[in-house]
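Colleague:
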Amino acid sequence: MRYFVQFSYFGKAYHGWQNQPNAITVQEVLEKALSTLLREKVEVIGAGRTDAGVHAKQMFCHMDVDSISDIDELVYRLNAFLPDDIAVQAIFPVIDTAHARFDAVERTYEYWLVKEKSPFLFDYAHLVKHPLNLPSMNRAAQLMLNYTDFECFSKSNTDVKTFKCDVREAVWTVDKEKWVFTITADRFLRNMVRAVVGTLLDVGQGKMSPEDIHKIIASKDRGEAGVSVPAKGLYLTKVSYPKEIFDEQKG
1205 MRYFVQFSYF
1215 GKAYHGWQNQ
1225 PNAITVQEVL
1235 EKALSTLLRE
1245 KVEVIGAGRT
1255 DAGVHAKQMF
1265 CHMDVDSISD
1275 IDELVYRLNA
1285 FLPDDIAVQA
1295 IFPVIDTAHA
1305 RFDAVERTYE
1315 YWLVKEKSPF
1325 LFDYAHLVKH
1335 PLNLPSMNRA
1345 AQLMLNYTDF
1355 ECFSKSNTDV
1365 KTFKCDVREA
1375 VWTVDKEKWV
1385 FTITADRFLR
1395 NMVRAVVGTL
1405 LDVGQGKMSP
1415 EDIHKIIASK
1425 DRGEAGVSVP
1435 AKGLYLTKVS
1445 YPKEIFDEQK
1455 G
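Each number in this note's numbering corresponds to the 1-based position in the sequence shown with 1204 added.
1) Alpha carbon to alpha carbon, what distance is there between asparagine 1283 and phenylalanine 1337?
2) Tell me, which residues are paired with tyrosine 1315 by DSSP?
3) Can you list, in chain order, the residues of its chain whose CB lies under 7 Å from that of alanine 1304, leaving out five sequence neighbours each side?
4) For alanine 1344, name the three-state secondary structure that DSSP assigns.
5) Going by C-alpha to C-alpha distance, which of Ser1273, Ala1256, Ala1389, Arg1281 sits closest to glutamate 1310?
6) To which residues does DSSP link phenylalanine 1264 through a beta bridge?
7) Near glycine 1437, what residues of its chain come up, given a Cβ to Cβ distance below 7 Å and the 5 sequence neighbours on each side ignored?
8) Cβ atoms of alanine 1260 and valine 1230: under 9 Å apart, would you say?
9) Measuring alpha carbon to alpha carbon, tell me which of Val1384, Gly1410, Ser1273, Tyr1313 ends up nearest arginine 1394.
10) With C-beta atoms as the reference, is isoleucine 1449 less than 9 Å away from alanine 1302?
11) Buried or exposed: aspartate 1255, going by 16 or more other Cβ atoms within 10 Å of its Cβ?
12) To the nearest angstrom, report how far apart glutamine 1262 and alanine 1345 are at their CA atoms.
13) For leucine 1349, I'd like the list of residues in its chain whose CB is within less than 7 Å of its CB, leaving aside the five on either flank, ordered along the chain.
14) Serine 1340 and glycine 1408 look like a contact to me (Cβ under 8 Å); what is the Cβ gap, rounded to whole Å?
15) Does the Cβ of tyrosine 1213 have 16 or more other Cβ atoms within 10 Å, making it buried, or fewer, making it exposed?
16) Using alpha carbons as the reference points, say which of Ser1360, Lys1411, Phe1285, Phe1306 lies closest to lysine 1236.
17) Where DSSP assigns a beta bridge to threonine 1377, which residues make up the other side?
18) I believe lysine 1424 touches aspartate 1353 by the beta-carbon criterion, under 8 Å. Please report the beta-carbon distance rounded to the nearest angstrom.
19) Just to confirm, are glutamate 1381 and leucine 1440 a CB contact at a threshold of 9 Å?
20) From what residue to what residue does the beta strand (DSSP E) around valine 1292 run?
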């Protein structure tokens, strides 16, 4: 049977989500836990890849395993078995063709930054000491919604069929001591969010105007956009799926 697993993780200790030969990853740790508790070799496919140090508040993967007799018990045992920086929220049956990556219709990321040094947010947010113009940053973010080709924000030499993304939300808000950038799209390119944030910080510091976003995107040149901000401030916060993939008869 095919199941979806909903989980979250704090990415500091991991070299990203996807299995790698010489580095510990979230996928490796999760597969090992599932294989041990289910007593069969379990391979999972995630909703997407997160880079080293990036976090996920909501992530999904799918797996094909024998029928699970007590899902709640398995979730409990998994959370006891997994390290403290990975947690499983739910496991549920889906239709046999459901795919955690290809069936996702929308993803949301947040990027956190702080303006003053905080020992409590050091591992959770990026410290920016320079003054920032929030209205200018939001103006530039809104201009991005007029475009679909974001090659200028993609990691160089990325092997993808298209650089097109349907960005539906891009906005900065202030949450007490944190500044939070929220961006939602149907898909994201590698390193895209961190490059977007770096570019918007250049706008906020007056290094470029909001309208410079037009020529940056038109250039399709990664070198025209801002530098990528550190991974520790980036969170995958939501992945959405069509309700048709959930198998109510099996659940």
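We put the beta carbon where it would ideally sit given N, CA and C, even for glycine. All of these numbers come straight from a predicted model, not from anything done at the bench.
Modeller: The relevant details are as follows:
1) One point to set straight first is that residue 1337 is asparagine, not phenylalanine, in the sequence displayed. The straight-line gap from Cα to Cα measures roughly 42 Å.
2) Phe1385, Leu1438
3) Phe1208, Ile1249, Gly1250, Ala1251, Phe1264, Cys1265, His1266
4) helix
5) Ala1389
6) Gln1210
7) Tyr1315, Trp1316, Leu1317, Ala1329, His1330
8) yes
9) Tyr1313
10) yes
11) buried
12) 24 Å
13) Val1371, Ala1374
14) 6 Å
15) buried
16) Phe1285
17) Val1384
18) 7 Å
19) no
20) 1290-1297
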